[in-house]
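Asker: Number 235 in full-length UniProt numbering belongs to position 235 of the sequence shown; there are no gaps in the numbering.
All C-beta atoms in this analysis are idealised placements derived from N, C-alpha and C, irrespective of residue type, glycine included.
Dropping the structure in here first, questions after.
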Amino acid sequence: ARHTHTHTNREQHRHTTAAEKAMRKLSVLCLHGYSMTGALLQQSMRRTCERLSHLARFRFVDGPHTVEPSPHLPLELPEGTRPLGWWRPERQDDRSWHFHGVDDSLALLSQAEASEVEAHGHGVDVVLGFSQGSALAHLATALRQHRPSASPLPSLRGAVFVGGFPFAPASPAFAEASLHLSMPTLHVAGSRDKIVRPETSARLLQLCAEDNRTYHEHQGGHVVHSGSASLAVYEDW
1 ARHTHTHTNR
11 EQHRHTTAAE
21 KAMRKLSVLC
31 LHGYSMTGAL
41 LQQSMRRTCE
51 RLSHLARFRF
61 VDGPHTVEPS
71 PHLPLELPEG
81 TRPLGWWRPE
91 RQDDRSWHFH
101 GVDDSLALLS
111 QAEASEVEAH
121 GHGVDVVLGF
131 SQGSALAHLA
141 TALRQHRPSA
151 SPLPSLRGAV
161 FVGGFPFAPA
171 SPAFAEASLH
181 LSMPTLHVAG
191 SRDKIVRPET
201 SARLLQLCAE
211 DNRTYHEHQG
221 GHVVHSGSAS
231 LAVYEDW
């Protein structure tokens, strides 16, 4: 039998009031993992998007950088498709990394925000990041909260991290204190994930306000899980 467990604060802040939900759908910006594409993430989230179509509208975007193919990709890229990423990581020393190309990715998020405003009259409400995309989602959420003038997503009200890990480059521009989040967050981890283990996802969880975070663990691996229990968590959140 499938086993999942969810931890959530009963008084968790809700992103929208019932009146707001009745007025319009949430705009959700989805960020794929390393060596993936937006289309591949959309394919893997098909069931999730269908289940939540009455609540949200999903936008999938491609990372701006071509990267090396990953042998750990949960889904195969179509022949001729370039594997993409949000930056190229370079190890600085035993404890830190430098991420090349982060600014390009933040600029792309700004473009996605502008497209949402033009098409629907409002910006992105929620950012959903899978794997490497979760680290970019973490950075975008932190900028929204701590450095609004530099935020690519000024309308952001919540974040979902799937198979996630924190954004933690060596750059002094992003001190640890500026990476703590107080807005609503949902953290989804797979107990059988060998790429981003639950204990790694827990590092990101600990950077988020305890009274405004929800944690859900499923029995799958490094995927956007679409079992009934996981879908119910997304819908309730």
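State yes or no: is the C-beta of L153 within less than 9 Å of the C-beta of G123?
Answerer: Contact flag set, yes.
Asker: Report the three-state DSSP secondary structure of W237 (helix, strand or coil).
Answerer: Coil at W237, not helix or strand.
Asker: What are the partner residues of H98, as DSSP defines its beta bridges?
Answerer: H98 pairs with E90.
Asker: Tell me the DSSP secondary structure of S131 in three-state form.
Answerer: In this structure, S131 counts as coil in the three-state DSSP scheme.
Asker: Bridge partners for F161 per DSSP, in chain order?
Answerer: DSSP output for F161 lists G129, H187 as bridge partner(s).
Asker: Looking at C-alpha atoms only, which residue of D193, K194, L204, I195 is the closest neighbour of residue 297?
Answerer: The displayed coordinates of the chain run from 1 to 237. Any statement about residue 297 would go beyond what the structure contains.
Asker: Relative to the alpha-carbon of H32, which residue among E76, L84, C49 has its alpha-carbon at the smallest distance?
Answerer: Closest option to H32, Cα to Cα, is L84.
Asker: In angstroms, rounded to a whole number, what distance separates the CA positions of P78 and S226?
Answerer: Whole-angstrom Cα-Cα distance: 22 Å.
Asker: Are the Cβ atoms of L128 and A159 separated by less than 9 Å?
Answerer: Yes; because the gap between Cβ atoms is below 9 Å, this pair is in contact.
Asker: Is C30 closer than 9 Å to Q43 when the C-beta atoms are compared?
Answerer: Cβ distance not < 9 Å, so Q43 and C30 don't count as in contact.
Asker: DSSP on E217, reduced to helix/strand/coil?
Answerer: The answer is strand: DSSP assigns E217 an E or B state.
Asker: With distance defined between alpha-carbon atoms, name the residue in S191, M45, T141, R46 nearest to H184.
Answerer: His is not the amino acid found at residue 184; the sequence shown has Pro there. Of the candidates S191, M45, T141, R46, the one whose C-alpha sits nearest the C-alpha of P184 is T141.
Asker: Helix, strand or coil for S115, going by three-state DSSP, please let me know.
Answerer: Three-state DSSP puts S115 in a helix.
Asker: May I ask you to report which of helix, strand or coil DSSP gives L136?
Answerer: Of the three classes helix, strand and coil, the one that applies to L136 here is helix, per DSSP.
Asker: Given a threshold of 16 other Cβ atoms within 10 Å of its Cβ, counted over all protein chains shown, does Q206 qualify as buried or as exposed?
Answerer: Under this definition Q206 is an exposed residue.
Asker: Under the three-state reduction of DSSP, which class applies to T200: helix, strand or coil?
Answerer: Three-state result, T200: helix.
Asker: Please name the residue in Q145, G133, R24, V28 whose C-alpha comes closest to that of V162.
Answerer: Nearest C-alpha to V162: G133.
Asker: Would E210 and P198 qualify as a contact pair, given that the criterion is a beta-carbon distance under 9 Å?
Answerer: No. Outside cutoff.
Asker: Could you have a look at V224 and say whether DSSP puts it in helix, strand or coil?
Answerer: In this structure, V224 counts as coil in the three-state DSSP scheme.
Asker: Comparing alpha-carbon positions, which option in D125, G63, I195 lies nearest G220?
Answerer: For the residues D125, G63, I195, the minimum Cα distance to G220 belongs to I195.
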